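**Student:** Could you have a look at this structure, given as structure tokens, before my questions?
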Amino acid sequence: MHYFVYKNDDLYCENVPIADIAEQIGTPFYLYSYATITRHFRVFGDAFNDLDHLTCFSVKSNSSLAILRIFALHGGGADVVSGGELFRALRAGIAPDKIVYSGVGKTLEEMKLALNSNILMFNVESDQELQLLNITAKDMGCKATIAIRINPEVEPKTHPYLATGHSENKFGIPLKDSLNTYESAKQLENIDVKGISCHIGSQLTDIDPFLEALRKLKDILKELTKMAFDIKFLNLGGGLGITYSNEKPPHPLEYAKALKEIIRKDNITLILEPGRVIIGNAGILVTRVLYTKSTKNKRFIIVDAGMNDLIRPTLYNSFHAIQPVKMTHSEMLVADLVGPVCETGDFFVKDKKMPPFKSGDLVAIMSAGAYSFSMASNYNSRPRPAEVMVKGKLFSLIRSRETYNDLIHGEVFPKFL
Ligand code: LLP
């Protein structure tokens, strides 16, 4: 079941014509389908139904409050990596005891906020972080529940910028040192060791690296049990890929089945931190063609969204399908779809066949639910786009388009000027 479909040549999101939304709120805007989000969340969770598990949505993939509220209402947790993400997760109503906190650079203030909020646990990524967390918890008269994030040294077979579980990546504690870190954690009075965690990378389309990582965590679990640790949680992170063009990632059911074969009998709660697989294909970016122009060997379609709104193509050379909001049935033309930002890297696709877009046409940039708005910036002093959610026949603004005044928020002229 798809919720971005054509009806009589018009692209709809669920039961709303996308052109109607553009008419009312202008362009560019991000558009999310409620039915898609809830279906993805349900399918993912149901796949693990016969195992104790907790789905902690990865807030970095999409941190908009209304989106997080959906997971809160459906009993989901959150994976956060900053005080700001924790603030958002709590504001959206996600239960603190379903929040896990990863990241290699947690500050003292962030630790305090997380301890005050009674989150489920910290995924600790270095020995120094462990020491500071212990002191902070001691000062606050509480205990910090932790997992050690292990770098399992597996090859995730994804874009190098999206790999996190290699020995040369900054994330986690090397596998070979992890037992020492556990041993030192045991000596710390204000640390309560409850878990093992890892996250090996993102947009993985092959299941084997997950299985390899899980087997390695399981070996550590065995050692820890021998060392009298009471490990209750095993966190495999996120990373399951999606189809942007013709990738064939495992279905969540297949993924869950394979994981369960490894840990079914372990009497442990499995934590998962999916982001992209839930939200990636639940959102699109809608933009309008401003101009077209041709040079000797290129045809350019210039739209009103830019790399500041969606940076993935230029940052990772990643592919996002382009679709017309009004189907034309005319012959496709090879063109570059580009934005107004003053950078050669400001493109969405290059040298691809697409409908013969002309000025005023609406264009849908697909699979833009994950790492899209959440990575948007104000570069070129461009206000960030609006965000809209559709549910059935209804649509609602979930974030207003930024204004010029938003752009200068917090800026002051110093006295000496
Ligand atoms: N858990 C941790 C600790 C993570 O670092 C990440 C993503 C996730 C979970 C969620 O991974 P997912 O299920 O979404 O693959 N900006 C890049 C992706 C960076 C991913 C960073 N970590 C992109 O646009 O492709």
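Take 1 as the starting number for the sequence shown in the numbering used here and just add one per residue.
Each residue gets a CB set at the ideal place from its N, CA and C atoms; glycine is no exception.
Just so it is clear, the structure is predicted and the values come from calculations on it, not from any experiment.
Could you name each continuous beta strand (DSSP E) segment of 3 residues or more that falls completely within the stretch 15-85, going from the start of the chain to the end?
**Tutor:** Entirely contained in the stretch 15-85, the beta strand (DSSP E) runs reaching 3 residues are, in chain order, 29-33, 53-58, 77-80.
**Student:** For Leu179, report the span of its beta strand (DSSP E) as first-last.
**Tutor:** Taken as a continuous stretch (DSSP letters only), Leu179 belongs to no beta strand (DSSP E), being part of the alpha helix (DSSP H) at 175-187.
**Student:** If we call anything under 7 Å between Cβ atoms a contact, is Pro209 one with Leu240?
**Tutor:** No, they are not a contact pair.
**Student:** Take Leu221 as the anchor and find which of Thr205, Leu11, Ile207, Gly195 has the nearest alpha-carbon.
**Tutor:** Ranking Thr205, Leu11, Ile207, Gly195 by Cα distance to Leu221 puts Gly195 first.
**Student:** When every heavy atom of the ligand LLP is checked, does at least one fall within less than 6 Å of the C-beta of Pro274?
**Tutor:** Indeed, a heavy atom of the ligand LLP lies less than 6 Å from the Cβ.
**Student:** Run the CB neighbour count on Gln187, radius 10 Å, all protein chains shown included, and call it buried at 16 or more, exposed below.
**Tutor:** It is exposed - the Cβ of Gln187 has fewer than 16 other Cβ atoms within 10 Å.
**Student:** Cβ of Ser58 within 6 Å of any heavy atom in the ligand GTP?
**Tutor:** The ligand content of the structure shown is limited to the ligand LLP, which means the ligand GTP is not among them.
**Student:** Pull up the distance between the alpha-carbon of Cys342 and that of Asp177, whole angstroms please.
**Tutor:** Near 47 Å, if we compare the C-alpha coordinates of Asp177 and Cys342.
**Student:** Compute every distance between the C-beta of Gly93 and the non-hydrogen atoms of the ligand LLP, then say whether any falls below 6 Å.
**Tutor:** Every heavy atom of the ligand LLP is 6 Å or more from the Cβ of Gly93, so no.
**Student:** Can you look up Glu387 in the DSSP assignment and give me helix, strand or coil?
**Tutor:** Strand at Glu387.
**Student:** Whose C-alpha, out of Leu417, Ala137, Asp46, Leu54, is nearest the C-alpha of Leu234?
**Tutor:** Closest option to Leu234, Cα to Cα, is Leu54.
**Student:** Decide if Arg91 is buried, meaning its Cβ has at least 16 other Cβ atoms within 10 Å, or exposed.
**Tutor:** That one is exposed.
**Student:** Applying the 10 Å Cβ sphere with the 16-neighbour rule, what's the burial state of Thr145?
**Tutor:** Buried: at least 16 other Cβ atoms inside 10 Å.
**Student:** Jot down the residue ranges of each uninterrupted alpha helix (DSSP H) in the stretch 209-277, minimum 4 residues, whole runs only, in chain order.
**Tutor:** Entirely contained in the stretch 209-277, the alpha helix (DSSP H) runs reaching 4 residues are, in chain order, 252-263.
**Student:** Short check: CB of Asn62 to CB of Ala370, under 7 Å?
**Tutor:** Going by C-beta atoms, Asn62 is nearer than 7 Å to Ala370.
**Student:** Can you look up Arg382 in the DSSP assignment and give me helix, strand or coil?
**Tutor:** The answer is coil: DSSP assigns Arg382 none of H, G, I, E or B.
**Student:** Just how far apart, CA to CA, sit Asp79 and Gly93?
**Tutor:** Each residue's Cα considered, the two are about 14 Å apart.
**Student:** Go ahead and pull the three-state DSSP assignment for Phe4.
**Tutor:** If DSSP states are grouped into helix, strand and coil, Phe4 belongs with the strands.
**Student:** Roughly how far, in whole angstroms, is the beta-carbon of Thr36 from the beta-carbon of Asn281, given that I think they are within contact range, below 8 Å?
**Tutor:** Sure, about 7 Å apart at Cβ, within 8 Å.
**Student:** Helix, strand or coil, according to DSSP, for Glu312 in the structure here?
**Tutor:** The residue you asked about is not Glu; residue 312 is Arg in the sequence shown. Reduced to three states, the DSSP call for Arg312 is helix.
**Student:** Can you tell me the Cα-Cα spacing of Ile271 and Ala95, whole angstroms?
**Tutor:** So the two alpha carbons sit approximately 15 Å from each other.
**Student:** The beta strand (DSSP E) spanning Leu290 covers which residue range?
**Tutor:** Residues 283-294.
**Student:** Using DSSP with H/G/I as helix, E/B as strand and the rest coil, what is Asn405?
**Tutor:** Helix at Asn405.
**Student:** Indicate the three-state DSSP secondary structure (helix, strand or coil) for Gly280 in the structure shown.
**Tutor:** Gly280: helix per DSSP, three-state reduction.
**Student:** How do the stretch 6-19 and the stretch 390-398 stand: do at least 3 beta-carbon pairs fall below 8 Å, yes or no?
**Tutor:** At 8 Å Cβ cutoff, the stretches touch.
**Student:** Which term fits His40, buried or exposed, when burial requires 16 or more other beta carbons within 10 angstroms of its beta carbon?
**Tutor:** The residue is buried, with at least 16 neighbouring Cβ atoms inside 10 Å.
**Student:** Three Cβ pairs or more, each shorter than 8 Å: is that satisfied between the stretch 213-231 and the stretch 127-134?
**Tutor:** No contact exists between the stretch 213-231 and the stretch 127-134.
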